[in-house]
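Down below is the structure, laid out as structure tokens.
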Amino acid sequence: MPDKQANRWSAEIEAVYLRDGREIWALLYAQCSDSDRAYDALQEAFVRLQSQEIESIRNIRAWVLTVAQNWLRDYARRQNHAARPADYLDSIVGKPSDPSEGLEKEERNSRVRLALQQLRAEDREVLVLRYALGWSSKRMSIALNTSTSAIDMRLSRSRKRLCEELEKVGIDHETV
């Protein structure tokens with residue numbers, strides 16, 4: 001009998017991972033700006049999930065997100081690391097044909113990352129969810145357990161702060 005329950009629990013964990021893993025990773029990435037560290041936090045949360053009793057968790061997705069965020073905070077305290085850019089993300093989109101265009105794009109992207117790093121984690125979080133994942137305000141409000149109007153306000157303030165940071169690094173926010 002315990003094997004049947006373990007198989008059901010493993011299948012449920014796998015289903016949550018397949019359904020929500022990418023989005024949870026994106027939330028974690030927005031928090032730490034490090035792809036590998038976000039993935040490590042996600043994996044650590046799912047490993048810890050396997051040792052839990054299924055009946056004790058009401059919302060598995062929320063539980064995984066909370067555990068992963070706590071792991072990231074603990075990691076940052078232990079390592080005393082600041083957010084770092086993920087340079088390889090720029091190369092995913094494709095290479096421009098003119099080398100000077102490529103250099104200009106690299107320089108602009110470097111400055112945008114610098115501006116993003118100056119924002120609070122909460123600001124980066126809503127900006128990543130909206131512009132990298134294309135989430136609606138309603139979907140963000142559900143994921144972040146707040147109201148849609150609060151999300152819209154956070155987005156507005158985050159965009160304003162990003163514009164200010166972009167100006168500091170010499171980028172006209174309308175060209176990004």
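The numbering of the sequence shown is the UniProt record's numbering, which starts it at 1 and goes up by one. By construction, the Cβ of each residue, glycine as well, lies at the ideal position given by its N, Cα and C atoms.
Less than 8 Å separates the beta-carbon of Val64 from that of Ile24.
Under the three-pair Cβ rule at 8 Å, the region 154 to 161 does not count as touching the region 96 to 111. Boundaries of the alpha helix (DSSP H) around Ser149: Thr148 to Lys168.
Per DSSP, reduced to three states, the secondary structure at Glu107 is helical. Taking a contact as a CB-CB distance under 8 Å, the pair Gln31 and Leu72 counts as one, their CB atoms being some 6 Å apart.
DSSP, reduced to helix, strand and coil, places Gln69 within a helical segment of the structure shown. Sequence-distant Cβ neighbours of Ile57 in its own chain, meaning closer than 6 Å and more than five residues away, are Trp63. It is roughly 11 Å from the alpha-carbon of Ile60 to the alpha-carbon of Ala15.
Here the alpha carbon of Leu162 sits roughly 14 Å from the alpha carbon of Asn109.
Within its own chain, the residues whose Cβ lies closer than 6 Å to the Cβ of Ala121, once the five positions on either side in sequence are excluded, are Gln31, listed in chain order.
In the displayed model, Ser51 falls within coil according to three-state DSSP, outside both helix and strand.
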